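**Q**
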Amino acid sequence: MTKAMTRKTRRLILIGTVGAVLAAAVGLVLYALSGEITLYRTPTEIAEQPPKEGQRLRIGGLVEAGSVVRGDAGRVDFKVTDTATALPVTYVGLLPDLFQEGQGVVAEGKLDPAGLFHADTVLAKHDERYMPKEVVDALKAQGVWEEGQPGGPMPPTAKN
Amino acid sequence: MIVEFGHFALILALAVAVAQSVLPIAGSIRRDPALMAVAPRASVVQLLLVVIAFAALTYAYLVSDFSLLNVVENSHSQKPLIYKISGVWGNHEGSMLLWVLILALFGAAVALFGGNLPATLKANVLAVQGWISTAFLAFILTTSNPFLRLAKPPIEGQDLNPVLQDIGLAIHPPLLYLGYVGFSIAFAFAVAALIEGRIDAAWARWVRPWVLAAWIFLTAGIAMGSYWAYYELGWGGFWFWDPVENASLMPWLAGTALLHSAVVMEKREALKVWTVLLAILAFSLSLLGTFLVRSGVLTSVHAFATDPTRGVFILAILCLFIGGGLALFAFRAGSLSQGGLFAPVSREGALVLNNVFLTVAAGVVLFGTLVPLIVSAFGGAISVGAPYFNTVFGPLFGATLLVVPLGPLLAWKRGDLLGALQRLSVVFVLAALVALVVAWLNGATHLLAAVGLGVAVWVLVGAFAELWTRARFREAGLATGFRRLVGLPRSAYGTALAHAGLGVTLMGIVVTSAFQSETIVEMKPGETATVGAYAVTFDGIHSAAGPNYSEIVASMSVRRDGVLRFVAAPSRRLYTTRQMPTSEAGIHTHGLSQFYVTLGGEGRQLGAVVVRMWDKPLVTLIWLGALVMMAGGALSLADRRLRVGAPKPARRAAPTVAAD
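Sequence lines, in order, name chains E and A. This note's numbering puts the first sequence at residues 1 to 160. This note's numbering puts the second sequence at residues 1001 to 1660.
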C-alpha cells in the first residue's frame, strides 16, 4: 500500500516539476511576445497607420537613390522606400558591405514621434543576388515588382 | 567522363540504399540470417559509391570543369585551392551530397564497428539508415543534382560567394553535418527498438557512443559557425538568434538531453520510453534544421538561393520521418517495459530535471523560430529576434545551469540533497564572493553581470566537486586521494570537463556582453582614437591584390599602456567576379581577450575612414568553453565502459558516490 502511494507521489512530483517548468516557460514566452516581438511594416503602412510609440518595427524596402547622408561618428541617414512612400531612417554604426543606394535593405528599430526611424540593426544579405523577402513582398504589394527589372537587384533566385 | 562516373555511382548508391531499406527488415521478420547480412554489406557498398560520387564532384572543382553547372555557379579558375575544395559543399547541391556522404559514413561505421550488436537489431538499424539514405539520395538526384552538364560551357565560373571563401566556412559545414547526421543513428536505433518492441540497458550502451560523437561534432560545428560569424561578418557579435543558428541549437539541446537520459537508461533501466522519444526528437530537429536552411522559408542571413520545389521535397521527407517516427512511437511505446523506480531527489531525478529544462528550452526556441511562419500563414508579419530569445531562453537555461553542479553529487535511486549542497558550500561561497566583488566594483549598473559571473563560477568550479568528493581527500589523505583521483573512470572526468566548459562559455558571454567597449569614429591618417584599454592610431591606407579580389587595407597601430602591441590591418575587399564587397576585420588576441576593428566606408573628410572598434575582454572564452565541452565528450567517449563492448546489465561502474 505504501509502495503504491510512493509511486503515486513520485509521479505527482514529476508531473508537478514538469508543469512548473512548462508554466514558467509559457509565462516567459507570453511576456516576451507581448513586448519583445517586432512587427513588420512597409513604409506605406507606417505612413497610413502610425504604430504605437515604443513598438519595435522591422521595415523593408529599397534604399532611396541619393538619400544616403553620412554624419559624424558613424551616423548615417537614408530613406527606405517601397517606391510609394519613403521613410527617413537614421543609424549609427557600420552599414553592411552590401548596403547600396537602390538596393534592398531591412532595418529594425523604433519610430520617434517626429516620424524618424531609429534603426539599431540594418541587414543586407550575404549574397549580392539576394533581395530580402520582406522587400519583395513590399514591392509586390505596391504593384511595382517586375520579374527581372532592368538594372534592378531582382535576381531570379529571389522569386517567391 | 569522371563526372559521369560520379553521377552513375550516385544513382547506383540509390539502388543499393533501396535494397538496404527493404531486405534486412524482411530478413529480421523471417529470421533469415542471409537477408539480414545484406545490411552491413549494402551500407559499406553505399559508402564506397557515395565516396566515388563526392570525389568526382571534387575532381570537377579541382580542374575547374566549367561544363558542370554547379562548378560554373560556385567556382572560379583563380580561386585558391582550399576554396576550390570547400566550394564543393559551399552550395546547395554539394552540401546535400556531403550530407549523404556523412550519412553513408555513419551507416558503414555501424556496420563495421557494430560487431557486438545482436543480428536483428543491427539489420533493422541499418535498414532505417537505408530509408534515410534513399530519401535524401532521391532528393539529390531529382531536385538538386550537382552533376548537371551545360551544353555550352562558359570560359570562366561565377566564383564562390566571397563570405564563404574562408577557412572557418571550409570546415564548419562538415562538422555541423557530422553532428546533425550523427543523430540519425540514434533515430535508427530508436525506430529499430520500436519495431522489435524490445529495449533494455544494453540498447542505451550501444546508442550512447554515437550520440556522444554526434554531440561532440555538433558542439564543434556550432562553435565554429559562431566564431566564423564573429570574425567574418564584421558585426562583432557571436550569436544572432538567426533561424539557422536556432536550427543547429535545437538538435544540440535535444541531443544533450538524450545524452543524459541515455545515462539513466544504461545505469538504471529507467526512462526508456522517454529516451526513445528523445532520440526521435533529436533527429527530427536535425531534419528540421536541414529544412529551414535548405528551403529558405524563413528570412535568415544564412539562407542562400532557394527553390520552392526543393523545399516541398524536404518538407515531405521531414513529415515522413518525423510523422512516421512519432506514429510508430505512439503505436509501440506502450509495449516497452517500465523501468526502475527512483526517488525524486536522486541522480535520476536530477537528470530528469535536466531533460525537462533542456527540452522546454528547445521547445521555446522552436516556437520562437517558427512563430513568424505561423503568423504569416494568417496574413500577419512579425519577426522574432534576439530580445525574445534572450528573455525566454536566458532564464530557462540559467535555471538549468544552477542545478548542473548538483546532479553528479546525488546518488542513484535516492540522493541526499542536503549533503550535496553541503559539499558544494565552498563553491557557493566562492561564487557569491565573485558576484559580490563584481557588483561592488561596478556598482548597480552591472547587477546582471555580477549574477551571471557568480553562476559561471558556480558551474565551472562546481563541475569538479564530484571528482573531489570521490577522491575523499579529507578522510584518506593526500596520497590515497590522488590515487583514487587517478583511478576514477574517464567518464567522470568527461562529465566534469563538459560541465566546466559550460561555465567557461557563460563567463565569456557575460564578461564580453557587459564589459566590452565599442566606438565608431571617423579618422584621418595620423589621428588616434581610444577604445577600452587601447589607443589606436590610423597610419594610412594602401591597396593590395589577392588571387581573386582587390582590397583596400588600413594599417592601424594599436597601443596598450603606451606600448605598441600590433598593427591591425582591417580591409575592404572587392571580389572581382561577383563585384561583391566584403570586409575583413582586424583582430588581435592577447591572453583571452581580443581587440577587434572593422573598416567602414570612406569618411566625409578627404582621406578619412570610418572604423568601428571593440575591446572585447575574455571573448575567446565563449569558444574555448565549447572546446572544453568537446574535450569532456571525447573523454567520456574514451571511457572503458564504452570501449569494451560486451554489456553486462546493471553492472555497477566504479565506486559510487558516498552518500549513504
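Every residue gets a Cβ at the ideal spot worked out from N, C-alpha and C, and that includes glycine. All values reported here derive from a predicted model rather than from experimental measurement.
1) So what does DSSP say about A/ALA1554, is it helix, strand or coil?
2) Where do the N-terminal and C-terminal ends of the beta strand (DSSP E) with A/SER1543 fall, by residue?
3) Examine chain A for any beta-carbon lying closer than 9 angstroms to the beta-carbon of E/THR2, and answer yes or no.
4) Tell me the start and end of each unbroken alpha helix (DSSP H) in the stretch 1455–1501 of chain A that is at least 4 residues and wholly inside, in chain order.
5) I'd like to know whether the C-beta of A/VAL1045 is nearer than 9 angstroms to at least one C-beta of chain E.
6) Do A/ALA1204 and A/THR1275 have their C-beta atoms closer together than 9 angstroms?
7) Measure the C-alpha to C-alpha separation of E/GLY60 and E/LEU94 and round it to an integer number of angstroms.
8) Whole-angstrom Cβ separation of A/VAL1611 and A/GLU1602, contact assumed at under 8 angstroms?
9) What residues of chain E sit near A/ILE1520, judged by a beta carbon separation below 9 angstroms?
10) Check the DSSP bridge columns for A/GLU1602 and list the partner residues they point to.
11) Measuring CA to CA, which of E/THR17, E/PRO51 and E/ARG7 is closest to E/ALA114?
12) What is the DSSP secondary structure of A/PRO1118, counted as helix, strand or coil?
13) Give a yes or no on whether 9 angstroms exceeds the smallest Cβ distance from A/TYR1388 to chain E.
14) Nearest to A/MET1096 by alpha carbon, out of A/ARG1149, A/MET1556, A/PRO1033 and A/PRO1173?
15) Give a yes or no on whether 9 angstroms exceeds the smallest Cβ distance from A/VAL1301 to chain E.
16) So what does DSSP say about A/ILE1520, is it helix, strand or coil?
17) Using three-state DSSP, classify E/GLN55 as helix, strand or coil.
18) Please state the DSSP three-state secondary structure of E/THR81.
19) Can you find a CB in chain A that lies within less than 9 angstroms of the CB of E/ASP82?
20) By a C-beta neighbour count over all protein chains shown, 10 Å radius and 16 as the cutoff for buried, is A/ASN1124 buried or exposed?
21) Please classify A/SER1543 as buried or exposed, where buried requires at least 16 other C-beta atoms within 10 Å of its C-beta.
22) Give a yes or no on whether 9 angstroms exceeds the smallest Cβ distance from A/SER1383 to chain E.
23) Check the Cβ of A/PHE1367 against every Cβ in chain E and list those closer than 8 angstroms, keeping chain order.
24) Quick one: using the 10 Å Cβ neighbour count with 16 as the cut-off for buried, is A/GLN1046 buried or exposed?
25) Can you pull the chain E residues whose beta carbon is under 8 angstroms from the beta carbon of A/PRO1581, in chain order?
26) Which one of A/LEU1164, A/THR1528 and A/VAL1427 has the shortest CA to CA distance from A/PRO1080?
27) Report the CB separation of A/ALA1223 from A/ALA1496 in whole angstroms; it is logged as a contact under 8 angstroms.
28) Secondary structure at A/PHE1187, three-state DSSP: helix, strand or coil?
29) If you run the structure through DSSP and keep just helix, strand and coil, what is E/ILE37?
30) Using a beta-carbon distance cut-off of less than 7 angstroms, what residues from the stretch 1590–1602 of chain A approach chain E?
31) Once the 5 residues before and after A/ASN1548 are set aside, which same chain residues still bring their CB inside 7 angstroms of it?
32) Restricting to Cα atoms, I'd like to know which of E/THR9, E/THR17, E/GLN103 and E/LEU12 is closest to E/ALA65.
33) Assign E/GLU128 to buried or exposed, taking buried as 16 or more other Cβ atoms, counted over all protein chains shown, within 10 Å of its Cβ.
34) Determine the contact status of A/GLU1073 and A/GLY1197, defining contact as a CB-CB distance below 9 angstroms.
35) Buried or exposed: A/GLN1579, going by 16 or more other Cβ atoms within 10 Å of its Cβ?
36) If distances are taken between C-alpha atoms only, which option among A/ALA1015, A/PHE1515 and A/THR1369 comes closest to A/THR1134?
**A** Checking against the coordinates, here is how it stands:
1) Under the three-state reduction of DSSP output, A/ALA1554 falls in the strand class.
2) Taken as a continuous stretch (DSSP letters only), the beta strand (DSSP E) holding A/SER1543 covers 1534–1545.
3) For E/THR2, the predicted structure reports a pLDDT of 44, less than 50, and the residue's modelled location is therefore unreliable. The matter cannot be settled from this model.
4) Counting only runs of 4+ residues, the alpha helix (DSSP H) found wholly inside the stretch 1455–1501 of chain A occupies 1465–1471 and 1473–1487, in chain order.
5) For A/VAL1045, the nearest beta carbon of chain E is not closer than 9 angstroms to its own beta carbon.
6) Result yes, Cβ atoms of A/ALA1204 and A/THR1275 sit closer than 9 angstroms.
7) E/GLY60 and E/LEU94: Cα-Cα distance of roughly 18 angstroms.
8) Contact between A/VAL1611 and A/GLU1602 is ruled out by a C-beta separation of about 11 angstroms, above the 8 angstroms threshold.
9) Going along chain E in sequence order, the residues near A/ILE1520 (Cβ under 9 angstroms) are ALA73, GLY74, ARG75, VAL92, GLY93 and LEU94.
10) Paired residue(s): A/VAL1609.
11) Nearest of E/THR17, E/PRO51 and E/ARG7 to E/ALA114, Cα basis: E/PRO51.
12) Coil.
13) Closer than 9 angstroms: yes.
14) With distances taken between Cα atoms, A/MET1096 lies closest to A/PRO1173.
15) Residue placement at A/VAL1301 cannot be trusted, given a pLDDT of 47 that sits under 50; the coordinates are not used to answer.
16) Here A/ILE1520 sits in strand by DSSP.
17) Coil at E/GLN55, not helix or strand.
18) E/THR81: strand per DSSP, three-state reduction.
19) By this cut-off, E/ASP82 is not an interface position.
20) By the Cβ neighbour-count rule, A/ASN1124 is buried, with 16 or more other Cβ atoms within 10 Å of its own.
21) The residue in question, A/SER1543, is exposed, as its Cβ has fewer than 16 Cβ neighbours within 10 Å.
22) A/SER1383 belongs to the set of residues whose beta carbon lies under 9 angstroms from a beta carbon in chain E.
23) VAL29, listed in chain order.
24) A/GLN1046 should be labelled buried.
25) Near A/PRO1581 (Cβ distances below 8 angstroms), the residues of chain E are ASP97 and LEU98.
26) The option with the nearest alpha carbon to A/PRO1080 is A/LEU1164.
27) The beta-carbon distance between A/ALA1223 and A/ALA1496, rounded to whole angstroms, is 19 angstroms. This is too long to meet the 8 angstroms contact definition.
28) Helix, per DSSP.
29) Residue state, collapsed to three classes: coil.
30) Within the stretch 1590–1602 of chain A, the residues whose Cβ lies closer than 7 angstroms to some Cβ of chain E are THR1598 and GLY1600, listed in chain order.
31) If we look at A/ASN1548 and ignore the five residues flanking it on each side, its Cβ neighbours are HIS1076, GLN1078, LYS1079, ASP1159, TYR1575, THR1576 and THR1577.
32) Nearest option by C-alpha distance: E/GLN103.
33) With a pLDDT of 43 at E/GLU128, under the threshold of 50, the modelled position of this residue cannot be trusted; read the value that follows with caution. Counting Cβ neighbours within 10 Å, E/GLU128 comes out buried, since at least 16 surround it.
34) Not closer than 9 angstroms, so no.
35) When all chains shown are included, A/GLN1579 counts as exposed.
36) Selected option, being the one with the closest Cα: A/ALA1015.
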